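Here the sequence shown is numbered in full-length UniProt numbering, starting from 1 and rising by one per residue.
For each residue, glycine too, the CB sits at the ideal point set by N, CA and C.
Nothing here was measured: the structure is a model prediction, and the numbers come from that model.
For reference, the structure is listed below as structure tokens.
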Amino acid sequence: PTCSPGFHSDPASLGTVRATMAFRVTMGMADVAPPINPDLKIVHVAGDSKCPFFRKARDVVNALSILFPAKYKLIVHEFPTRDEFRAFIADRKVQLADARAHRHTSSPFVCFGADFENDPATCTYLGGGDDVVAFAQKLFSGGADAAPLATMAGDGFATPNEYDYDLVVIGGGSGGLAASKEAAKLGARVAVLDYVKPSTQGTRWGLGGTCVNVGCIPKKLMHQASILGELINHDAPHFGWGPAGAAADGSSTVASAPLVQHSWDVMVGEVQRYIKSLNFKYRVALRDANVKYINGLGELLSDHEIKVTEFKGKDKTPKEKTITTARVLIATGGRPTPLACPGGEHAITSDDLFSLPNAPGKTCVIGAGYVSLECGGFLTALGFDTTILVRSILLRGFDRECCDKIGAYMQKQGTKIVMGVTPSSIEKMPDGKLRVTYSDGNSDVFDTVLAAVGRTADTAGLNLAAAGVVASKNGKFETEFEQTNVPNVYAIGDVLLGKPELTPIAIQAGILLARRLFGSSSEAMDYKNVATAVFTPLEYGAVGLSEEEAIAKYGEAGVEVYHAPFVPLEWSLTPERETDAFPCFCKIICNKGESEKVLGMHYLGPNAGEVIQGYGAAVKRGVTYQDIMDTVGIHPTTAEVFTTLTVTKSSGQAVDVAGC
1 PTCSPGFHSD PASLGTVRAT MAFRVTMGMA DVAPPINPDL KIVHVAGDSK
51 CPFFRKARDV VNALSILFPA KYKLIVHEFP TRDEFRAFIA DRKVQLADAR
101 AHRHTSSPFV CFGADFENDP ATCTYLGGGD DVVAFAQKLF SGGADAAPLA
151 TMAGDGFATP NEYDYDLVVI GGGSGGLAAS KEAAKLGARV AVLDYVKPST
201 QGTRWGLGGT CVNVGCIPKK LMHQASILGE LINHDAPHFG WGPAGAAADG
251 SSTVASAPLV QHSWDVMVGE VQRYIKSLNF KYRVALRDAN VKYINGLGEL
301 LSDHEIKVTE FKGKDKTPKE KTITTARVLI ATGGRPTPLA CPGGEHAITS
351 DDLFSLPNAP GKTCVIGAGY VSLECGGFLT ALGFDTTILV RSILLRGFDR
401 ECCDKIGAYM QKQGTKIVMG VTPSSIEKMP DGKLRVTYSD GNSDVFDTVL
451 AAVGRTADTA GLNLAAAGVV ASKNGKFETE FEQTNVPNVY AIGDVLLGKP
501 ELTPIAIQAG ILLARRLFGS SSEAMDYKNV ATAVFTPLEY GAVGLSEEEA
551 IAKYGEAGVE VYHAPFVPLE WSLTPERETD AFPCFCKIIC NKGESEKVLG
601 MHYLGPNAGE VIQGYGAAVK RGVTYQDIMD TVGIHPTTAE VFTTLTVTKS
651 SGQAVDVAGC
């Protein structure tokens with residue numbers, strides 16, 4: 001039906017028509033014939049009849065058609081369901097010249113033109129409901145833009161006044177929390193959706209994401225437990241420490257048996273107690289920052305609509321609701337990749353290890369990345385018989401020389417590393433133990449199998465297609481300044497393609513993104529030369545290029561490497577450490593053709609993260625080899641070794657490590 005100018009009607013009286021066909025209304029002129037007045041704008045508003053934003057846009061344009069009948073005419077394309085609305089615009093929107101129209105999926109869809117229904121190629125895209133409001137505000141304010149709720153960056157969207165939120169963050173990890181609090185501080189209305197889907201073994205945890213609950217924090221604490229055990233049982237006796245009274249007669253305090261025993265139960269209990277305190281602090285921090293925390297799963301219905309599923313009550317009955325937002329930030333992180341071999345379901349992952357109620361016993365760790373080597377290392381140090389299965393090389397992407405030294409050190413410390421094999425199957429035995437058959441035909445029986453074969457972006461359940469968001473095969477996003485292919489949908493952290501998966505990077509990227517969206521900043525995240533550490537038994541700190549990467553980029557003749565092994569002073573009284581063929585090592589990789597600008601720095605030794613952090617700042621600022629030589633080191637420390645490196649690999653000279 002076509003209605004006259006100024007049409008008003010009770011929606012209930014139109015129910016039959018709306019149920020069978022699109023409800024098409026013309027307001028402002030009698031019909032859809034091309035206007036005689038060349039200044040007349042025909043405004044098409046298409047949408048879902050139940051959508052409040054559609055109704056608001058329709059009413060705004062209707063008001064314009066009444067106030068300025070010679071300038072504006074409204075044609076409404078109204079549909080009883082969202083699916084019918086989307087079907088109507090699907091083939092038409094792609095004929096508009098503006099690429100933003102091609103990505104538009106939410107109600108309403110607004111454009112200018114004579115006949116959007118039959119000749120959409122002649123139409124000009126305006127946008128959604130917020131764009132209609134902004135258009136009208138600008139019209140009535142004499143050309144000045146309406147005062148924004150917050151200053152937005154240029155992602156093509158006007159300041160939204162009609163959505164529930166300015167920003168909804170899906171994922172309550174380190175990056176998502178940082179972005180949400182920064183955005184709220186800048187005046188945005190922000191909500192965080194976070195719900196932890198249990199691991200395949202049923203493990204659950206609280207707010208804070210992987211790092212806090214099942215990653216960096218518990219890993220570093222258990223690594224520290226292993227260091228303490230080694231210091232007490234191996235180093236302390238050589239510094240005069242032993243059981244009380246054992247050396248009263250002046251005899252040696254060096255013990256032949258361990259001085260202390262480790263309790264897995266106590267360690268796990270203390271670690272989990274600390275993590276729960278962090279979960280609580282994060283909830284309080286969100287509340288104090290005026291960020292709405294929703295313990296629910298988020299699923300995209302469009303680029304502006306999100307279905308939230310909460311599991312409330314003792315029976316955890318799912319309850320659904322829909323919220324709307326101007327912008328979406330995907331910060332869901334990743335989850336451990338499951339084993340693909342038969343019986344893979346019997347393996348635990350890092351999601352389970354740090355809260356394991358019983359000691360793991362004899363353990364098979366599958367994988368060669370940092371999670372595998374870190375966990376395998378501290379399990380060995382805590383007294384568990386540990387075997388690591390490695391398909392190809394250790395720590396792919398890191399410096400080969402350093403990785404080989406880490407592997408050799410771990411093997412000397414007692415970790416069994418089986419190279420060139422993968423698990424063919426895992427069989428659960430009648431006594432509950434697990435038989436792992438290797439790809440080379442060998443097998444062994446273990447109490448626990450830990451799968452650490454990588455991580456997968458946790459984006460499969462987001463219904464990305466509904467918003468038109470494109471992800472790679474592994475579920476990650478190729479972004480420009482954290483912006484996906486849909487202008488108002490952003491992503492940070494471990495879901496980004498080709499970016500380092502590090503907690504501080506997610507935090508920094510989230511904060512900078514919030515400042516660009518809701519503040520006056522234009523600063524973008526710099527993903528280059530970010531320092532990192534691997535908490536293996538022989539800790540590894542690195543920043544910049546590996547030696548292999550530097551040679552690939554500048555050629556072998558264009559790269560100079562200064563290097564030296566060393567033994568920390570703290571290890572010098574322990575015979576097994578002193579005779580360990582100088583396990584610690586560092587090197588500086590330089591570009592010969594650029595005043596020996598430092599391309600990379602690598603360190604193996606105690607406190608690697610603390611040592612490399614400061615050098616990371618220097619490399620970020622373009623430090624040269626001579627700058628480091630001009631630095632007076634603090635003595636005696638391991639960090640000062642970098643300031644003493646004078647021997648290059650190309651010289652072939654032996655490295656002198658004598659002296660104080």
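(request) With DSSP as the reference, label valine 647 as helix, strand or coil. (result) Translated into the one-based positions of the sequence shown, residue 647 becomes position 647. Note: valine 647 maps to coil in three-state DSSP.
(message) At the level of alpha carbons, what is the spacing between tyrosine 438 and glycine 361?
(response) By one-based count along the sequence shown, residue 438 stands at place 438. By one-based count along the sequence shown, residue 361 stands at place 361. Their backbone Cα atoms lie some 20 angstroms apart in a straight line.
(request) In angstroms with no decimal places, state the Cα-to-Cα distance between alanine 408 and lysine 416. (result) Within the sequence shown, the letter at position 408 stands for residue 408. Within the sequence shown, the letter at position 416 stands for residue 416. Near 10 angstroms, if we compare the C-alpha coordinates of lysine 416 and alanine 408.
(request) Look up lysine 138 in the DSSP assignment and say whether it is helix, strand or coil. (result) Taking the sequence shown and counting its residues from 1, the one referred to as residue 138 is at position 138. The answer is helix: DSSP assigns lysine 138 an H, G or I state.
(message) I'd like the span of the alpha helix (DSSP H) that includes valine 268, first residue to last.
(response) In the sequence shown, counting from the first residue as 1, residue 268 sits at position 268. Per DSSP, valine 268 belongs to the alpha helix (DSSP H) from 264–288.
(message) Tell me which residues share the same chain as glutamate 374 and place their Cβ nearer than 7 angstroms to its Cβ, disregarding the 5 neighbours each side in the sequence.
(response) Taking the first residue of the sequence shown as position 1, residue 374 is located at position 374. For glutamate 374, where only same-chain residues beyond five positions count, the Cβ hits under 7 angstroms are Lys219, His223, Val534, Phe535 and Thr536.
(request) Return yes when the Cβ of isoleucine 393 is within less than 9 angstroms of the Cβ of serine 372, no when it is not. (result) Here residue 372 is taken as the residue at index 372 of the sequence shown, counted from 1. Here residue 393 is taken as the residue at index 393 of the sequence shown, counted from 1. Contact: no.
(message) Quick check on the burial criterion: 16 or more other C-beta atoms within 10 angstroms. Buried or exposed for serine 651?
(response) Start at 1 with the first residue of the sequence shown, and residue 651 comes out as number 651. So serine 651 ends up on the exposed side.
(message) So, with DSSP's three-state summary, where would you put arginine 103?
(response) Within the sequence shown, numbered from 1, the residue matching residue 103 stands at position 103. The answer is coil: DSSP assigns arginine 103 none of H, G, I, E or B.
(request) Look at the alpha carbon of phenylalanine 398 and the alpha carbon of valine 486, and state the distance between them as a whole number of angstroms. (result) As a working mapping, residue 398 is identified with position 398 in the sequence shown. As a working mapping, residue 486 is identified with position 486 in the sequence shown. So the alpha carbons of these two residues sit roughly 34 angstroms apart.
(request) Put asparagine 591 into one of helix, strand or coil per three-state DSSP. (result) Position 591 of the sequence shown holds residue 591. In this structure, asparagine 591 counts as strand in the three-state DSSP scheme.
(message) Within a Cβ cutoff of 6 angstroms, which residues of the same chain sit near alanine 30, ignoring the five residues on either side of it in sequence?
(response) Locating residue 30 in the sequence shown gives position 30, where the first residue counts as 1. Note that alanine 30 scores 36 on pLDDT, short of 50, meaning its location in the model is unreliable; the coordinates nonetheless yield the value given after this. Counting only Cβ-Cβ distances below 6 angstroms, and skipping sequence neighbours, we find nothing.
(request) Evaluate contact between the region 504–516 and the region 175–191, counting only Cβ atoms and requiring at least three cross-stretch pairs below 8 angstroms. (result) yes
(request) Indicate whether alanine 457 and asparagine 474 have their beta-carbon atoms separated by less than 9 angstroms. (result) Position 457 of the sequence shown holds residue 457. Position 474 of the sequence shown holds residue 474. The answer is yes: Cβ separation under 9 angstroms.
(request) Report yes if the CB atom of cysteine 584 is closer than 9 angstroms to the CB atom of leucine 645, and no otherwise. (result) Here residue 584 refers to the residue found at position 584 of the sequence shown. Here residue 645 refers to the residue found at position 645 of the sequence shown. No, the Cβ-Cβ distance between cysteine 584 and leucine 645 is not below 9 angstroms.
(message) Closer than 8 angstroms is the cut-off here; do at least three beta carbon pairs connect the region 99–114 with the region 41–49?
(response) yes
(message) For glutamine 626, count the other beta carbons within 10 Å of its own beta carbon; 16 or more makes it buried, fewer makes it exposed. Which is it?
(response) The residue you call residue 626 lines up with position 626 of the sequence shown. Answer is exposed; the Cβ neighbour count stays below 16.
(message) So, for arginine 258: in the same chain, excluding its five sequence neighbours on each side, which residues have a beta-carbon less than 6 angstroms away from its beta-carbon?
(response) Walking along the sequence shown from the start, residue 258 turns up at place 258. In the sequence as presented, arginine is not what sits at residue 258; that position holds proline. Correct list, in chain order: Asn233.
(message) Here's a check: name, in chain order, each residue in its chain whose Cβ is nearer than 8 angstroms to the Cβ of leucine 126, leaving out the five neighbours to either side.
(response) One-based indexing of the sequence shown puts residue 126 at position 126. Cβ within range, chain order: Val43, Val110, Cys111, Phe112, Val132 and Phe135.
(request) Pull up the distance between the alpha-carbon of lysine 181 and that of asparagine 591, whole angstroms please. (result) Walking along the sequence shown from the start, residue 181 turns up at place 181. Walking along the sequence shown from the start, residue 591 turns up at place 591. If I take the Cα positions, the gap works out to 41 angstroms.
(request) Please say whether leucine 329 and tyrosine 527 have beta carbons closer to each other than 9 angstroms? (result) Translated into positions along the sequence shown, residue 527 becomes position 527. Translated into positions along the sequence shown, residue 329 becomes position 329. Contact flag unset, no.
(request) Inspect the beta-carbon positions of tyrosine 282 and glycine 172 and report whether they are closer than 9 angstroms. (result) Translated into the one-based positions of the sequence shown, residue 282 becomes position 282. Translated into the one-based positions of the sequence shown, residue 172 becomes position 172. Yes, these two residues count as a Cβ contact at 9 angstroms.
(message) Classify glutamate 596: buried if its beta carbon has 16 or more other beta carbons within 10 angstroms, exposed otherwise.
(response) Translated into positions along the sequence shown, residue 596 becomes position 596. So glutamate 596 counts as buried.
(request) Just mark serine 65 as buried or exposed, buried being the case when its beta carbon has 16 or more other beta carbons within 10 Å. (result) Here the question's residue 65 lines up with position 65 in the sequence shown. It is buried - the Cβ of serine 65 has at least 16 other Cβ atoms within 10 Å.
(message) Let me make sure I understand the geometry here. Which of Pro38, Val271 and Ile366 has the alpha-carbon closest to that of threonine 349?
(response) The residue given as residue 349 occupies position 349 in the sequence shown. It is Ile366 whose Cα lies nearest to the Cα of threonine 349.
(message) Any contact between the region 296–305 and the region 453–468? By contact I mean 3 or more CB pairs, one from each, below 8 angstroms.
(response) yes
(request) Give, in chain order, every unbroken run of the alpha helix (DSSP H) that is at least 4 residues long and sits entirely within the region 553–626. (result) 575–578 and 608–620
(request) Could you name the residues that DSSP lists as bridge partners for glycine 298? (result) Here residue 298 refers to the residue found at position 298 when the sequence shown is read from its first residue. Partner(s): Val308.
(request) Identify whether tyrosine 163 lies in helix, strand or coil by the three-state DSSP scheme. (result) As a position in the sequence shown, residue 163 is number 163, starting the count at 1. If DSSP states are grouped into helix, strand and coil, tyrosine 163 belongs with coil.
(message) I need the boundaries of the alpha helix (DSSP H) containing phenylalanine 79, first residue and last residue.
(response) Within the sequence shown, residue 79 is the residue found at index 79, counting from 1. Looking at the DSSP string, phenylalanine 79 is not in any alpha helix (DSSP H); the run it does join, the beta strand (DSSP E), is 72–79.
(request) Within the region 421–476, note down every full beta strand (DSSP E) run reaching 3 residues or more, in order along the chain. (result) 423–428, 434–438, 443–446, 448–451 and 455–457
(request) Would you mind sorting glutamate 556 into buried or exposed? The rule is 16 or more other CB atoms within 10 Å of its CB. (result) For this step, residue 556 is matched to residue 556 along the sequence shown. Classification of glutamate 556: exposed, given that the 10 Å Cβ count is below 16.
(message) Between the alpha carbons of serine 277 and valine 284, how many angstroms are there, rounded?
(response) Position 277 of the sequence shown, counting from 1, holds the residue named residue 277. Position 284 of the sequence shown, counting from 1, holds the residue named residue 284. Computed Cα separation, rounded: 11 angstroms.
(request) Run the CB neighbour count on glutamate 560, radius 10 Å, all protein chains shown included, and call it buried at 16 or more, exposed below. (result) Within the sequence shown, residue 560 is the residue found at index 560, counting from 1. Result: buried.
(request) Just mark methionine 267 as buried or exposed, buried being the case when its beta carbon has 16 or more other beta carbons within 10 Å. (result) Counting from 1 along the sequence shown, the entry for residue 267 is found at position 267. When all chains shown are included, methionine 267 counts as buried.
(request) Please classify alanine 629: does DSSP put it in a helix, a strand, or coil? (result) Walking along the sequence shown from the start, residue 629 turns up at place 629. Alanine is not the amino acid found at residue 629; the sequence shown has methionine there. Methionine 629 falls in the helix class under three-state DSSP.
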